[in-house]
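Chains as they are written, first to last, in our numbering: chain A, 2 to 190; chain B, 8 to 287.
Following this line, the structure appears as structure tokens:
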């Protein structure tokens, strides 16, 4: 199913998204990857506020390349999400709901997604030049010393994504491959 | 004897860092188009279309194909009749990486310490390999290597009794374990033989070889074809969403080894397998 959705990703909206859906996303998202997540979770452990309001927020796992003069942002494709698995349940526990990345997630992340109605979107890994075209505004909001890993607030328009894992725990990596192999092997499932 | 200025090496490395990151090699482009034509799974077709559109944008607008502009793997084949003047060779290469990544707006992805971290800020040091060869030229290859795929690589020290079957199973097992993480369709570099370290270097060198070439020994050329076909029967597909196109190519490099061993290293790369060469 093809969907055009506008953020924030409320619980109600999240529940209408299903693994395998093609989604064109419009709205404000936040970037963070390894070092940024570590810092945010340490801040939460100390009882501090995050640099942005996590309620219904969507986080893009990306470390963009530097913007050339005249560009909003450099190339900006997803990084491997599994490295954020240690932090994702904590982020969801304070209200973050959407995650954009690529690659497999651990069972504990999927469990947290079921508990908090989280959605894991896939962007095409390696398509940094294409995805940068959807990013209309970029603003550095925290952790500037981390360079490419700093926290940025982005405004995206019609960002092409696929729902990989939905809030019921259905997983495109498992189901998509099984469906392809079933058809290839002539099974009727 | 021919004299080559260290500064010339710096200039070439800087240029190759930028060009390799912005323009995907012709063999990879051709493989992506060929695989798109063969792919009959709808979601996989859509992914391959976006991947092709992406490298076309990067090529036309001179921007990085992927934001992970990698660690700069630099291979120098230095003719034994060359004398490098006017500076330190390693520093000349690092200065090339520094300039290329700064002036080319490439991402700085290197940390100073593997455990304590801390970005070096200029993508140095290069991963530098030098080889002394006959002649009076220097052949420079820059292969920026991203870590989404590097992290899915593996090495195993087989007993010789594991034989060919052991190698085949290991390749499939490693690709299976990599799954969607290394941005499939991937390129697989296999190094067999040598010592622990040499096997890994052979696997890296296998990724620098065009994927439309083959191993000179027909035995290994047949193995390359067989394993590519078997990988593309796994069903992982582009980005792991299912489909035929799991790998674009598989290259094997080999060398003699010890009577007691059969080292095998598998270096996984993505659909943005970049490398560019220039001869000085």
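For every residue, glycine included, the Cβ atom is placed at its ideal position computed from N, Cα and C.
All figures in this text were calculated on a predicted structure; none of them were measured in a lab.
| Contact set for residue 27 of chain B: own chain, Cβ-Cβ below 8 Å, skip 5 residues either direction | Excluding sequence neighbours, residue 27 of chain B sits near 149, 150, 151, 281, 282, 283.
| message | Given this structure, state the Cα-to-Cα distance separating residue 98 of chain A from residue 263 of chain B, to the nearest angstrom. | response | 53 Å
| query | Under a three-way DSSP split, which group does residue 78 of chain A fall into? | reply | coil
| message | Against chain A, which members of the stretch 111 to 142 of chain B pass a CB distance test of less than 8 Å? | response | 112, 113, 114, 115, 116, 124, 126, 128
| query | What are the residues of the stretch 35 to 63 of chain B that lie near chain A, defined by any Cβ-Cβ distance shorter than 7 Å? | reply | 48, 50, 54, 57, 58, 60, 61
| said: Pull the bridge partners of residue 24 of chain A from the DSSP assignment, please. | reply: A:4, A:162
| Which word fits residue 85 of chain B, buried or exposed, when buried means at least 16 other C-beta atoms lie within 10 angstroms of its C-beta? | Classification of residue 85 of chain B: buried, given that the 10 Å Cβ count is 16 or more.
| query | What are the start and end residues of each continuous alpha helix (DSSP H) run of 4 or more residues lying completely inside the stretch 189 to 239 of chain B, in chain order? | reply | 203 to 215, 225 to 238
| From B:234, B:252, B:274, pick the residue whose C-alpha is nearest to that of residue 182 of chain A; which is it? | B:252
| Which residues mark the beginning and the end of the beta strand (DSSP E) in which residue 137 of chain B is found? | 134 to 140
| Which of the three DSSP states, helix, strand or coil, is assigned to residue 36 of chain A? | helix
| message | Quick test of your reading: residue 125 of chain A and residue 54 of chain B, contact by CB under 8 Å. State the CB separation rounded to the nearest angstrom. | response | 6 Å
| said: Could you tell me the alpha carbon to alpha carbon distance between residue 97 of chain B and residue 135 of chain B, rounded to whole angstroms? | reply: 8 Å
| message | Quick check on this structure: which residue in A:168, A:114, A:127 has the alpha carbon closest to the alpha carbon of residue 86 of chain A? | response | A:114
| request: Going by CA-CA distance only, name the one from A:151, A:170, A:137, A:174 that's closest to residue 157 of chain A. | output: A:137
| said: So residue 188 of chain B contacts chain A; which residues on that side make the cut at Cβ distance below 8 Å? | reply: Correct list: 81, 83, 103, 104, 105.
| Can you find a C-beta in chain A that's less than 9 Å from the C-beta of residue 248 of chain B? | yes
| request: Select from the stretch 64 to 94 of chain B all residues with a C-beta closer than 8 Å to any C-beta belonging to chain A, and list them in chain order. | output: 64, 65, 68, 70, 71, 72, 73, 74, 75, 76
| Is any beta-carbon of chain A found at less than 9 Å from that of residue 251 of chain B? | With 9 Å as the cut-off, residue 251 of chain B counts as an interface residue toward chain A.
| Thinking just about the alpha-carbon of each residue, which of B:111, B:112, B:129, B:113 is nearest to the one in residue 119 of chain B? | B:129
| query | At a Cβ cut of 8 Å, what residues of the stretch 40 to 71 of chain A count as close to chain C, listed as they run along the chain? | reply | Among the protein chains of the structure shown, namely A and B, there is no chain C.
| field | Chain-ordered neighbours of residue 20 of chain A on chain B, where CB pairs are closer than 8 Å | value | Near residue 20 of chain A there are no residues of chain B at all, since even the closest Cβ is about 10 Å away, more than 8 Å.
| Who are the near neighbours of residue 162 of chain A in its chain, counting only those whose CB is closer than 7 Å to its CB and skipping five residues on each side? | 24, 26, 101, 122, 123, 124
| Minimum Cβ-Cβ distance from residue 163 of chain A to chain B less than 9 Å | yes
| request: Compute the Euclidean distance between the alpha carbons of residue 91 of chain A and residue 59 of chain A, then round it to the nearest angstrom. | output: 14 Å
| task | Tell me whether residue 89 of chain A sits in a helix, a strand or coil according to DSSP, three-state version. | result | helix
| query | Between residue 115 of chain B and the ligand SAM, is the CB less than 8 Å from at least one heavy atom? | reply | With respect to small molecules bound, the structure shown includes none, and the ligand SAM cannot be examined in it.
| Close Cβ partners of residue 286 of chain B (< 8 Å) along its chain, the five nearest in sequence each way excluded | 144, 145, 146, 147
| query | Does residue 24 of chain B get closer than 9 Å to chain A when you measure Cβ to Cβ? | reply | So no, residue 24 of chain B is outside the interface.
| request: Following the continuous beta strand (DSSP E) through residue 261 of chain B, name the residue where it begins and the one where it ends. | output: Where residue 261 of chain B is concerned, the enclosing beta strand (DSSP E) stretches over 254 to 264.
| query | Is residue 80 of chain B helix, strand or coil by DSSP? | reply | strand
| task | State yes or no: is the C-beta of residue 76 of chain A within less than 9 Å of the C-beta of residue 70 of chain B? | result | yes
| field | residue 207 of chain B burial status per 10 Å Cβ neighbour count (16 or more: buried) | value | Burial state of residue 207 of chain B is buried, judged by a 10 Å Cβ sphere holding 16 or more other Cβ atoms.
| Three-state secondary structure assigned by DSSP to residue 190 of chain A | Because residue 190 of chain A sits at a pLDDT of 41, beneath the cut-off of 50, its placement in the model cannot be relied upon, and the point is left open.
| query | Relative to the alpha-carbon of residue 131 of chain A, which residue among B:72, B:210, B:112, B:221 has its alpha-carbon at the smallest distance? | reply | B:72
| query | For a contact meaning CB atoms closer than 8 Å, what does residue 75 of chain A contact in chain B? | reply | 70, 71, 74, 112, 114
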